[in-house]
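Engineer:
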Amino acid sequence: MGQNANFKNLLTIMFASAGKLSLFVLISIVLLLGVKTITDPLVAKAERQNLLDTLNQVMPKDRYDNDPLQDTLLLTDPKMLEMLGSEDPVMVYRARKNGKPAGLILTTIAPNGYSGNIYMLMGILAEDFRVAGVRVLKHKETPGLGDKIELNKNPWILEFNGRSLRDDNDPRWAVKKDGGDFDQFTGATITPRAVVGQVKRTLLFVKQQSEFLYE
Amino acid sequence: MSEATNPSVTDAPSNPIQSSRWADYKLIAENGLWKNNQALVALLGLCPLLAVSNNTINGLGLGLATLFVLLASNVLVSLIRNHVSDEIRIPVFIAIIATAVTIIDLLMNAYFHTLHGILGIFIPLIVTNCAILGRAEAYASKNTIDKALVDGFFMGIGFLFILVLLGAMREMIGNGTLFDQAYLMFGESARSWTIHFGGDYHGVLLAILPPGAFIGLGLLIAFKNYYDAKKVAHKQKDLGIQVSVVSSIKS
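Sequence lines, in order, name chains A and B.
Positions 5 to 219 (the working numbering) are the ones given, in order, by the first sequence.
Positions 219 to 469 (the working numbering) are the ones given, in order, by the second sequence.
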């Protein structure tokens with residue numbers, strides 16, 4: 005009898021503990037759900053604003069009046085993606101003014117950097133396919149040498165602004181060492197060469213596919 | 219990096235006679251800020267400390283997040299200390315800490331979105347910061363709410379101080395700046411806060427890389443031990459005892 009009572013007692017304690025633990029977890033869940041409901045719209049808004057800020061760096065705000073985040077095109081054709089150096093689908097954001105094409109914003113990847121891919125965001129105006137802006141998003145180039153392609157390290161990347169291609173083989177679109185217009189960095193030619201080459205390829209791509217891209 | 223709860227975490231035993239509440243608080247503050255500093259003495263929470271201290275603002279961001287979590291967890295743990303049995307003590311503490319961390323994570327994501335992106339995985343990982351469970355288990359679960367609150371505050375400030383100090387050291391040496399990217403926390407007007415040291419200084423990259431974190435923390439610990447040993451030596455000299463400095467350095 006005594007043993008049985010002991011066992012019952014133990015069982016009660018165990019259930020009480022389990023119940024308390026469950027209660028704490030339940031309170032936590034309710035609390036977290038509450039906070040999440042409040043913060044979710046704020047996070048979504050911040051994310052949207054972040055993306056828009058990034059896009060505006062390569063496409064001046066006054067150039068368009070639509071919402072490029074709503075006017076997008078997902079590229080999946082492998083041939084097109086090859087020109088952009090990407091293996092994954094690429095999102096193209098389309099800027100329009102008064103309903104007419106104003107410019108495109110897309111990511112493009114230079115595959116031939118000094119140490120791997122250089123990820124860039126590029127804005128291209130609809131009129132004469134001029135470059136509105138280029139920014140490097142991600143890269144692994146040598147710090148102190150190749151990383152001057154970042155705007156916060158060096159203004160070099162601004163050299164692209166307002167430039168366009170005269171024809172498919174415009175000789176100006178190369179670093180100075182190769183007879184072109186763009187500065188190279190002391191001790192780092194491969195990085196700027198890769199960036200210039202990929203910006204040129206992307207311009208060509210947009211020129212060739214412009215009707216499809218804006219449709 | 220594996221961190222075990224340090225068994226040698228010692229706290230001054232609370233005085234049963236309650237000579238004065240303020241004397242207790244003072245002792246707690248001394249422990250948190252210096253004597254039992256979680257980063258320099260207890261060596262807890264090193265994983266986020268080393269990883270995120272590559273500049274001042276990152277250090278400040280993570281330090282503040284850790285401070286808030288410590289405050290919340292210490293108060294809540296102290297509040298429920300008489301209502302949970304020993305068997306479920308640790309899971310309940312973990313649930314409380316995880317909830318506090320997740321709430322801070324969500325709030326930071328909403329209000330400091332970019333900074334949250336930079337600190338990334340280290341905010342959720344505050345859950346695994348042993349300093350927090352350490353304080354819950356070693357202090358808050360045995361003391362009244364007011365003391366637990368003061369303990370959480372000063373332990374948090376001590377940790378934050380080292381994070382910011384290490385961050386500032388590494389940023390100055392590695393990047394030649396101070397308060398770079400302050401606008402991520404304080405808004406656009408803080409863009410001008412960045413201090414540049416000399417236009418041509420491009421920094422010693424090593425300080426920003428992980429080895430710089432270890433070397434920096436090692437120097438801070440060495441400095442603290444040296445300072446403490448000097449103090450002890452002075453005291454002993456005053457008392458007329460001759461003991462070499464080296465032997466009194468805490469190992």
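Backbone N, C-alpha and C fix where the C-beta goes; we use that ideal spot for every residue, glycine too.
Note that this is a predicted model, so its numbers are computed, not measured.
Return no unless some Cβ of chain B is closer than 8 Å to the Cβ of A/Ala-136.
Structural biologist: No - not a single Cβ of chain B is within 8 Å of the one on A/Ala-136.
Engineer: Roughly how far, in whole angstroms, is the beta-carbon of B/Gly-370 from the beta-carbon of B/Leu-288, given that I think they are within contact range, below 8 Å?
Structural biologist: Going by Cβ atoms, the distance from B/Gly-370 to B/Leu-288 rounds to 4 Å, so yes, they are a contact pair.
Engineer: Assign A/Trp-177 to one of two classes, buried (16 or more other C-beta atoms within 10 Å of its C-beta) or exposed (fewer than that).
Structural biologist: Looking at its Cβ environment, which holds 16 or more other Cβ atoms inside 10 Å, A/Trp-177 is buried.
Engineer: Verify the CB distance criterion: does A/Pro-147 have a CB-CB separation below 8 Å to chain B?
Structural biologist: Yes, A/Pro-147 lies at the interface with chain B (some Cβ there is under 8 Å from its Cβ).
Engineer: Give the interface partners of A/Lys-24 over in chain B, defined as CB-CB distance under 7 Å, in chain order.
Structural biologist: Going along chain B in sequence order, the residues near A/Lys-24 (Cβ under 7 Å) are Val-302, Ile-306.
Engineer: Identify whether A/Arg-67 lies in helix, strand or coil by the three-state DSSP scheme.
Structural biologist: A/Arg-67 falls in the helix class under three-state DSSP.
Engineer: Report yes if the C-beta distance between A/Met-84 and A/Gln-213 is below 8 Å; otherwise report no.
Structural biologist: Yes, they are a contact pair.
Engineer: Beta carbon of A/Gly-137, beta carbon of A/Val-62: below 8 Å?
Structural biologist: Contact: yes.
Engineer: Are three or more beta carbon pairs between the stretch 104-111 of chain A and the stretch 36-47 of chain A nearer than 8 Å?
Structural biologist: Because the criterion of three Cβ pairs below 8 Å is not met, the stretch 104-111 of chain A and the stretch 36-47 of chain A do not touch.
Engineer: Below 8 Å CB to CB, which residues in the same chain sit around B/Leu-251 once its five sequence neighbours on both sides are set aside?
Structural biologist: So the list reads Phe-372, Ile-375, Gly-376, Phe-379, once near-sequence residues are dropped.
Engineer: Can you give me, in chain order, the residues of the stretch 42-63 of chain A that have a beta carbon less than 9 Å from any beta carbon in chain B?
Structural biologist: For the stretch 42-63 of chain A, which is checked against every Cβ of chain B, the residues closer than 9 Å are Ile-42, Thr-43, Asp-44, Pro-45, Leu-46, Val-47, Lys-49, Ala-50, Glu-51, Gln-53, Asn-54.
Engineer: Once DSSP output is grouped into helix, strand and coil, what is the label at A/Ala-130?
Structural biologist: A/Ala-130 falls in the coil class under three-state DSSP.
Engineer: If the cut is a Cβ gap below 8 Å, which residues of chain B does A/Lys-40 touch?
Structural biologist: Near A/Lys-40 (Cβ distances below 8 Å), the residues of chain B are Leu-324.
Engineer: Along the chain, which unbroken stretches of the alpha helix (DSSP H) at least 4 residues long are found entirely within the stretch 365-434 of chain B?
Structural biologist: Listed in chain order, they are 401-404, 423-426.
Engineer: Decide yes or no for the touch test of the stretch 292-310 of chain B against the stretch 268-278 of chain B: beta carbon pairs closer than 8 Å, at least 3 of them.
Structural biologist: Contact between the stretch 292-310 of chain B and the stretch 268-278 of chain B is absent, because fewer than three Cβ pairs lie under 8 Å.
Engineer: Between which two residues does the beta strand (DSSP E) harbouring A/Gly-184 extend?
Structural biologist: No beta strand (DSSP E) holds A/Gly-184; DSSP gives it neither H nor E.
Engineer: Along chain B, which residues have their Cβ under 7 Å away from the Cβ of A/Val-34?
Structural biologist: Residues of chain B passing the Cβ test: none, with the nearest at roughly 10 Å.
Engineer: Around the Cβ of A/Asn-54, are there at least 16 other Cβ atoms within 10 angstroms (buried) or fewer (exposed)?
Structural biologist: Classification for A/Asn-54: exposed.
Engineer: Nearest to B/Phe-432 by alpha carbon, out of B/Ile-413, B/Leu-381, B/Phe-397, B/Asp-456?
Structural biologist: That would be B/Leu-381, whose Cα lies nearest to the Cα of B/Phe-432.
Engineer: Name the residue from A/Thr-76, A/Phe-19, A/Ala-198 whose alpha carbon lies nearest to the alpha carbon of A/Tyr-218.
Structural biologist: Checked all of A/Thr-76, A/Phe-19, A/Ala-198; the closest Cα to A/Tyr-218 is A/Thr-76.
Engineer: Would the beta-carbon of B/Leu-258 fall within 8 Å of that of B/Lys-442?
Structural biologist: Yes. Within cutoff.
Engineer: Taking the alpha carbon of B/Phe-340 as the reference point, which residue from B/Gly-279, B/Leu-396, B/Leu-367 has its own alpha carbon closest?
Structural biologist: For the residues B/Gly-279, B/Leu-396, B/Leu-367, the minimum Cα distance to B/Phe-340 belongs to B/Gly-279.
Engineer: By a C-beta neighbour count over all protein chains shown, 10 Å radius and 16 as the cutoff for buried, is A/Val-179 buried or exposed?
Structural biologist: Counting Cβ neighbours within 10 Å, A/Val-179 comes out buried, since at least 16 surround it.
Engineer: By the criterion of Cβ-Cβ separation under 9 Å, what are the contact partners of B/Leu-333 in chain A?
Structural biologist: Residues of chain A passing the Cβ test: none, with the nearest at roughly 11 Å.
Engineer: Would you please verify whether the beta carbon of A/Ser-119 is less than 8 Å from any beta carbon of chain B?
Structural biologist: Closer than 8 Å: no.
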